[in-house]
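Keeping their order, the protein sequence lines are chains A and B. For this note's numbering, add 885 to where a residue sits in the first sequence, where the first one is 1. For this note's numbering, add 885 to where a residue sits in the second sequence, where the first one is 1.
There are 2 protein chains.
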Amino acid sequence: MARYQAGIKTRERILDAVRTLLGEVGLDSVTVKGICDQAEIKSGSFYNLFDSKEQAVLTVVREAITGIDPDPLHEGKDTIGELVSAYIAFVEDTPEIAKTYVQIVAASSVNDETIRHRVLAHHRARVDRFAEALARAQNSVSGTEIHARAEMLVAALNGLAFMWLLEDDFDFGGHATRLLGDIVPA
Amino acid sequence: MARYQAGIKTRERILDAVRTLLGEVGLDSVTVKGICDQAEIKSGSFYNLFDSKEQAVLTVVREAITGIDPDPLHEGKDTIGELVSAYIAFVEDTPEIAKTYVQIVAASSVNDETIRHRVLAHHRARVDRFAEALARAQNSVSGTEIHARAEMLVAALNGLAFMWLLEDDFDFGGHATRLLGDIVPA
DNA sequence: TCTGATTTTGAGTATACATGCAAAATTGGC
DNA sequence: GCCAATTTTGCATGTATACTCAAAATCAGA
């Protein structure tokens, strides 16, 4: 345990503030002043704990990219239903982070090669996991066919997340579950 | 015909510059200086033709929102294949505007109520058109079922557009066509 | 070529932002 | 309660940005 606790707590307050603001005002509208107001600190404290605004935002952004695929070590064990449930849980339980994820893909990916590659790598790994789970569920279909279906399923889930961004009361979980039923008949 | 042409041409150069920059650097990174450099004019000229940066950007944004559904008066006549083809053409023929559309949905929708409602209204109208076309193709299925399928189809198309943002060589047209084949067997 | 209308220029202003820093306040072991 | 380490404060600084404006340049009809 560190000798002084205050700084650690302030760091958490800052990250909480960034999470909130990313969901509220969007990736490019987050300011240091906004973060400090939300965290109820002064800017000097912010720079005592982070080298730059970028660093604090990137910390949360990494969280968002990783959050969509929380446990990549389970490979070969998940069912397709569990994978879809994990996506639904991600969107419904941590909506600010999910919103951030969508914004990262749409906005940052355009002008930030580093983030784009990171997102792309995670996306491909996710499609592979979906494909493997699909293969286990329907082992009669060919590999390329399975992979195309997985890509489509993930695309549709992302599209539904997209819609959920637009409509506050959009039933993301319901639509995602329905979609799963269409792809993998019970 | 107006007496002086120079101003009109400059206006077009500015809008072209905004279109280019929206695709290249993203919605929130477009600056007046950037627009002026790209259009090879000075900032004074910009403000001679537009009241604000916002106005110029919004002009192109409206174009993007409308562009995804170019001919809403054809209702009752389009086939589902034509609607999907129109989406593919939108993405492949005007990629900068398509990119802008995705960014608007993801970023602006978070903090701009006006744009969000505009996008949402267009989206709903589009889903309705897809549903009507689907109903004509498969009139055995119930109305709510058809509507759910239309929503899913549009979501999947948006999701694919999403992916195409990440990967330069993503075969959007191929995947979209495949998706259509899955939903409406030939 | 002259003239008034239109367009362009480019320096200038105000503001918001990220970041720096020295001093004050707080913390916690002794 | 003392003191050194840590943390917070809040003002200062430099920079980028949106936007203004008066003067210069250009245009097109007579």
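Glycine included, every Cβ here is placed at the ideal spot set by N, Cα and C. The structure displayed is predicted, hence computed values, not measured ones.
Proximal residues of chain B, C-beta to C-beta of residue i below 7 Å
i	result
Gly911/A	Ala992, Val995 and Asn996
Val1004/A	Leu1051
Partners in chain A for residue i, counting only beta-carbon separations shorter than 8 Å
i	result
His1032/B	Chain A residues near His1032/B: none, gap ~12 Å exceeds 8 Å.
His1008/B	Met1048 and Leu1051
Ala1041/B	Met1037, Ala1040, Ala1041 and Gly1044
Gln1081/B	In the structure as shown, chain B begins at 886 and stops at 1071. Residue 1081/B is therefore absent and cannot be evaluated.
Residues near residue i in its chain [Cβ-Cβ closer than 8 Å; skip 5 each side]
i	result
Thr905/B	Gln923 and Glu981
Thr964/B	Ala1018, Arg1021 and Ala1022
His1086/A	Not covered by the structure: residue 1086/A. The range shown for chain A is 886 to 1071.
Alpha carbon of residue i to alpha carbon of residue j, nearest angstrom
i	j	result
Ala991/A	Asp936/A	26 Å
Ser994/A	Gly892/B	35 Å
Leu900/A	Ile950/A	16 Å
Ala983/A	Lys962/B	38 Å
Ser970/B	Phe1015/B	12 Å
Arg947/A	Val917/A	19 Å
Asp1056/B	Glu897/A	42 Å
Asn1024/B	Leu1005/B	27 Å
Val945/B	Gly952/B	10 Å
Val987/A	Gly1028/B	31 Å
Ala1046/A	His1060/B	19 Å
Val1039/A	Thr979/A	19 Å
Leu1042/A	Asp913/B	26 Å
Arg1003/B	Tyr932/A	39 Å
Lys938/B	Arg1063/B	41 Å
Asp997/B	Gly911/B	16 Å
Gln890/B	Gly908/B	28 Å
Arg1001/A	Leu1050/B	9 Å
Glu967/B	Met1037/A	20 Å
Thr834/B	Ile989/B	No answer is possible for residue 834/B: it lies beyond the span of chain B, which begins at 886 and ends at 1071.
Thr985/B	Thr985/A	18 Å
Glu1030/B	Ile1031/A	25 Å
Gly1044/B	Gln940/A	29 Å
Delimiting residues of the alpha helix (DSSP H) encompassing residue i
i	result
Gly1058/B	Phe1057 to Ile1068
Ser928/B	Ser928 to Leu934
Thr979/B	No alpha helix (DSSP H) contains Thr979/B, which DSSP labels as neither H nor E.
Asn1024/B	Per DSSP, Asn1024/B belongs to no alpha helix (DSSP H) and is neither H nor E.
Val903/A	Ala891 to Val910
Ala949/B	Lys938 to Gly952
Lys918/B	Val917 to Ala924
Residues near residue i by beta carbon distance below 7 Å, same chain, minus five either side
i	result
Gly1058/A	Ile973 and Glu977
Lys927/B	Cys921
Asp902/B	Note that residue 902/B is Ala in the sequence shown, not Asp. So the qualifying residues of the chain are Ile920, Gln923 and Ala924.
Thr895/B	Ile926, Ser930 and Leu934
Val942/B	Val903 and Val915
Val1026/B	none
Asp1013/B	none
Arg1034/A	Leu1019 and Ile1068
Asp1053/B	none
Phe975/B	Gly952, Ile953 and Ala983
Proximal chain A residues relative to residue i, where beta-carbon distance stays under 7 Å
i	result
Lys938/B	In chain order: nothing, as chain A lies at least about 14 Å away.
Val976/B	By Cβ distance, chain A contributes nothing, its closest Cβ being about 13 Å from Val976/B, past 7 Å.
Arg1001/B	Leu1051
Close-in-space but distant-in-sequence residues of the same chain around residue i (CB under 6 Å, 5 per side omitted)
i	result
Gly919/A	Leu906
Met886/A	Bear in mind that a pLDDT of 44 at Met886/A, under 50, signals an unreliable position, so the number given afterwards is only what the model happens to contain. Nothing listed; no residue qualifies.
Met1048/B	Phe1055
Leu1065/A	Val969
Interface partners of residue i on chain B, CB under 8 Å
i	result
Ser914/A	Asp913 and Asn996
Val1026/A	Correct list: empty, because the minimum Cβ distance to chain B is about 13 Å.
Leu934/A	Residues of chain B passing the Cβ test: none, with the nearest at roughly 26 Å.
Under 9 Å by beta carbon: chain B residues contacting residue i
i	result
Lys984/A	Ala991 and Val995
Leu906/A	Under the 9 Å cutoff, chain B gives no residues; its nearest Cβ is about 10 Å from Leu906/A.
Neighbouring residues, chain A, relative to residue i (Cβ below 9 Å)
i	result
Arg1063/B	Ala1033 and Met1037
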